[in-house]
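Structure first, commentary second.
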Amino acid sequence: MISNIEWSDTIKKEARGSNDEDLGEVQEVTDGYVLVQRGMINKEKFYIPQDQVESYDGSVLRFTISEDEIKSKYMSDMPPPPSSFTKPTSSRIQRSEDNNKDFGQVEEGETKVPLSDEKLNVSKHA
Numbered sequence: 002m003i004s005n006i007e008w009s010d011t012i013k014k015e016a017r018g019s020n021d022e023d024l025g026e027v028q029e030v031t032d033g034y035v036l037v038q039r040g041m042i043n044k045e046k047f048y049i050p051q052d053q054v055e056s057y058d059g060s061v062l063r064f065t066i067s068e069d070e071i072k073s074k075y076m077s078d079m080p081p082p083p084s085s086f087t088k089p090t091s092s093r094i095q096r097s098e099d100n101n102k103d104f105g106q107v108e109e110g111e112t113k114v115p116l117s118d119e120k121l122n123v124s125k126h127a
């Protein structure tokens, strides 16, 4: 991965595969991946690991892999779990940033995620 890229500068810039394929536009860079989106109506979203970036020249973010490989491995409407792109770290105690509560000891390579629920009110107006 290119370490001297200012990732925030890549937002809204063109993304290209290893064979110069047009992958669309960079939408977001976070949690070890680059979200690239292509299309207006039938949108294709690709969550590509940052370590697959080959170069960035100020206007085009180039990846080391082809469009076919990106489509087969990284096409998704949902972001991957953070552990998909992060390397296992040593055992540690996870704390919630909201209330600084302990969630217990985490084994190496494991991530504990606190569960939360969401209520959805659905109604129809005529």
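In my numbering, the protein residues as written are 2 to 127.
Even glycine gets a Cβ: it sits at the ideal position worked out from N, Cα and C.
Range of the contiguous alpha helix (DSSP H) that encloses residue i
i, result
"E68", "68 to 75"
Endpoints, the beta strand (DSSP E) within which residue i is located
i, result
"K46", "45 to 50"
"E26", "23 to 31"
"E7", "Careful: E7 lies outside any beta strand (DSSP E) and carries neither H nor E."
Those residues which DSSP pairs with residue i across a bridge
i, result
"V37", "V27, F47"
"S56", "R63"
Proximity to residue i [Cα-Cα], best of the options
i, options, result
"D52", "S77, D32, G40", "D32"
"E29", "M79, N122, S124", "M79"
"G18", "I12, V37, R63", "R63"
"S60", "D23, N122, V123", "D23"
"K54", "S77, N122, A16, G40", "Going by the sequence as given, residue 54 is Val instead of Lys. It is A16 whose Cα lies nearest to the Cα of V54."
"K193", "G25, I12, W8, S124", "Coverage of the chain is limited to positions 2 through 127, which leaves residue 193 absent and any answer about it impossible."
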